[in-house]
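Shown next, in structure tokens, is the structure this report addresses.
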Amino acid sequence: MITHNQSTQQSAYTDPEALAGVLAHVADLAPETDDEGNFPEEAFQLLADAGLLAITLPGQPLDNAQNHTAQLLTLLKRIGAANLAVGRVYEGHINALLLAQLFGTADQQKQWQDDVRQNHLFSVWNTQADDGIRIHELGGGRYELEGYKTFCSGANWVSRPLITGELMRQGQKAGWQMCIIPTERVDVIDADKRFWKPLGMRASASFKLNFTGIVIDENDLLGKPGNYFQQPYFSGGAIRFAAVQLGGAESLLEATRLMLRSMGRADDVFQQTRLAEMAYRLESGNLWLSQAGHNNDTWLRDGTDPAKIVAYANMTRTAIEEICLRVMHLCEKAVGARGLLRPLPFERIHRDLTMYLRQPAPDATLVDIGRWVGHQTTATHDLWT
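Residue 92 in the UniProt record's numbering is what sits at position 92 of the sequence shown, and the numbering runs on without skipping anything.
Right, here's the structure in full:
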């Protein structure tokens, strides 16, 4: 498990050479945890020791309150390039900290920020099946959980999971409620590892967890019922996982270049056309992320219609998915069957990226963009200003 010591080390984020070294080490470790039931503990210890778990806290280099979204997206992309499974779990940690800041009381924020400084790993687990979570009010500020969550990335390695469920008061539904569980204060949360038999992202350890019987306090509840779905934060966060995805595609170009040079094929004109297309598509993705980050900060500051922020986030997500799919195809053609053999990294990255690109509701996302654009009376050239 990640060592829960008070972190006093200056963030490696402010030292480009140190940050590059940390991420190179994370990348080197990636093959070692590419197994179902495994988890990249050492990689997360590296991130913790480098100050990256606390990077968005007040006073830190990417303080959530200081309009650093574009820089945060770049960091997420670089972590995704090192290891997509690590990027997936890290993005969940960042998401949980944002929700805690948005909806937590002052006392809660102080407690959870202290937890982060102690290297506690947070995550957000919202997905569930028919046997999902209910949060039963017991009285006296106590609540008992019932049910399961699926795709719990980080599983029992996460010590501060943010989960959601139907709040039940006197047997009546009171709304979709968030809570953050301090795992050392509750009974062991049972994990069903049999659930997690994926094509890729094995090391994300996205098990099915049983929360039945877990008892929490009033102070563990985050926000009010319904806050979790508040826009633009609910859908607008898609730009974060899109950044991690783009990092995976970027790592494919890097590995392709290295392989072609090692084989003396870098001067082949057909290979050069593939490299060219991979490069310009990835740079398109970088521009999407940069603009999405800038827009997010500017529009939130200016009180822009949340639907506009969500529409742009959905465009970013959709464009980057298409970029990643095309880069994967070009990579496969460039490296051939030989390149898709282990221990080369292509096979693992392709599996991980294929799995991670399968995000919820892609069709509804596209429809949402079209609906918003179609109903605007603003001139087309001013839609996103």
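Ideal Cβ placement from N, Cα and C applies to all residues, glycine included. On a predicted model such as this, the values are computed, not experimentally measured, just so you know.
Exercise. Span of the beta strand (DSSP E) holding residue 123?
Worked result: Indexing the sequence shown from 1 puts residue 123 at position 123. Residues 122-125.
For this session: Can you tell me which of 238, 305, 164, 337 puts its alpha carbon nearest to the alpha carbon of residue 361?
Result: The residue labelled residue 361 in the question sits at position 361 within the sequence shown. Checked all of 238, 305, 164, 337; the closest Cα to residue 361 is 238.
For this session: Express the C-alpha separation of residue 135 and residue 97 in angstroms, rounding to a whole number.
Result: Working through the sequence shown from its first residue, we reach residue 97 at position 97. Working through the sequence shown from its first residue, we reach residue 135 at position 135. Spanning the two alpha carbons is a distance of roughly 21 Å.
For this session: Evaluate the contact criterion for the stretch 291-301 versus the stretch 62-79: three or more CB pairs, one atom per stretch, below 8 Å.
Result: yes
Exercise. Relative to the alpha-carbon of residue 315, which residue among 122, 334, 287, 327 has its alpha-carbon at the smallest distance?
Worked result: Translated into the one-based positions of the sequence shown, residue 315 becomes position 315. Answer by Cα proximity: 287.
Exercise. On the premise that residue 207 lies in contact with residue 129, defined as a C-beta separation below 8 Å, what is that separation, rounded to the nearest angstrom?
Worked result: Residue numbering aside, residue 129 sits at position 129 when the sequence shown is read from its first letter. Residue numbering aside, residue 207 sits at position 207 when the sequence shown is read from its first letter. Not a contact, Cβ separation roughly 13 Å.
For this session: Express the C-alpha separation of residue 325 and residue 272 in angstroms, rounding to a whole number.
Result: Along the sequence shown, read from residue 1 onward, the residue named residue 272 stands at position 272. Along the sequence shown, read from residue 1 onward, the residue named residue 325 stands at position 325. Taking the straight line from one Cα to the other gives about 19 Å.
Exercise. Is the stretch 146-155 close to the stretch 80-94, with three or more CB pairs under 8 Å?
Worked result: yes
Problem set entry | Simplified DSSP state of residue 368, which is helix, strand or coil | For the purposes of this step, residue 368 is taken as residue 368 along the sequence shown, with counting starting at 1. Correct three-state label for residue 368: helix.
Exercise. Exposed or buried, which one is residue 229 when buried takes at least 16 other CB atoms within 10 Å?
Worked result: On the sequence shown, residue 229 is found 229 positions in, with the first residue counted as 1. The residue is exposed, with fewer than 16 neighbouring Cβ atoms inside 10 Å.
Exercise. Which same chain residues, not among the five before or five after residue 187, have their C-beta less than 7 Å away from its C-beta?
Worked result: Reading the sequence shown from its first residue, position 187 is the one you call residue 187. The residues are 213, 214.
Exercise. Hey, out of 334, 104, 348, whose CA is closest to residue 265's CA?
Worked result: Against the sequence shown, residue 265 aligns to sequence position 265. Selected option, being the one with the closest Cα: 334.
For this session: Kindly confirm or deny that the stretch 176-192 and the stretch 18-32 touch, where touching means at least three C-beta pairs closer than 8 Å.
Result: no
Problem set entry | Host alpha helix (DSSP H) of residue 92 (start-end) | Your numbering for residue 92 matches position 92 in the sequence shown. It spans 84-103 - the alpha helix (DSSP H) in which residue 92 sits, taken as one unbroken run.
For this session: Check whether the Cβ atoms of residue 327 and residue 249 lie closer than 8 Å to each other.
Result: Here residue 327 corresponds to residue number 327 of the sequence shown, with the count starting at 1. Here residue 249 corresponds to residue number 249 of the sequence shown, with the count starting at 1. Yes, Cβ-Cβ distance for residue 327 and residue 249 is below 8 Å.
For this session: Measure the C-alpha to C-alpha separation of residue 285 and residue 173 and round it to an integer number of angstroms.
Result: Counting from one through the sequence shown, the residue named residue 285 turns up at place 285. Counting from one through the sequence shown, the residue named residue 173 turns up at place 173. Those two C-alpha atoms are separated by around 42 Å.
Problem set entry | Beta carbon of residue 86 nearer than 8 Å to that of residue 40 | Within the sequence shown, numbered from 1, the residue matching residue 86 stands at position 86. Within the sequence shown, numbered from 1, the residue matching residue 40 stands at position 40. Yes.
Exercise. What residues are listed by DSSP as bridge partners for residue 211?
Worked result: Taking the first residue of the sequence shown as 1, we reach residue 211 at position 211. For residue 211, which the question treats as bridged, DSSP gives no partner whatsoever.
Exercise. Taking just the CA atoms, how far does residue 108 sit from residue 358?
Worked result: Indexing the sequence shown from 1 puts residue 358 at position 358. Indexing the sequence shown from 1 puts residue 108 at position 108. Those two C-alpha atoms are separated by around 34 Å.
For this session: Return the CA-CA distance between residue 255 and residue 351, expressed in angstroms with no decimal places.
Result: Within the sequence shown, numbered from 1, the residue matching residue 255 stands at position 255. Within the sequence shown, numbered from 1, the residue matching residue 351 stands at position 351. Going from the Cα of residue 255 to the Cα of residue 351 covers about 15 Å.
Exercise. So, using beta-carbon positions, are residue 38 and residue 202 closer together than 8 Å?
Worked result: As a position in the sequence shown, residue 38 is number 38, starting the count at 1. As a position in the sequence shown, residue 202 is number 202, starting the count at 1. Contact: yes.
For this session: Give me whichever residues DSSP pairs with residue 168 in a beta bridge.
Result: The residue given as residue 168 occupies position 168 in the sequence shown. Paired residues: 136, 173.
Problem set entry | Close Cβ partners of residue 382 (< 7 Å) along its chain, the five nearest in sequence each way excluded | Here residue 382 corresponds to residue number 382 of the sequence shown, with the count starting at 1. Excluding sequence neighbours, residue 382 sits near nothing in its chain.
Exercise. Which residue or residues does DSSP assign as beta-bridge partners of residue 144?
Worked result: For the purposes of this step, residue 144 is identified with residue 144 of the sequence shown, where counting begins at 1. DSSP lists 136, 215 as partners of residue 144.
Exercise. Which residue from 36, 126, 291, 13 puts its Cα closest to that of residue 199?
Worked result: As a first step, residue 199 is located in the sequence shown; it is residue number 199 there, counting from the start. For residue 199, the nearest C-alpha among the options comes from 36.
For this session: Quick one: which unbroken alpha helix (DSSP H) runs of 4-plus residues sit fully inside the UniProt domain "Acyl-CoA dehydrogenase C-terminal" (241-354)? Chain order, please.
Result: 269-302, 306-339
Exercise. Which class does residue 79 belong to by DSSP, given the choice of helix, strand or coil?
Worked result: Numbered from 1 along the sequence shown, position 79 holds the residue referred to as residue 79. Looking at residue 79 - three-state DSSP - the assignment turns out to be helix.
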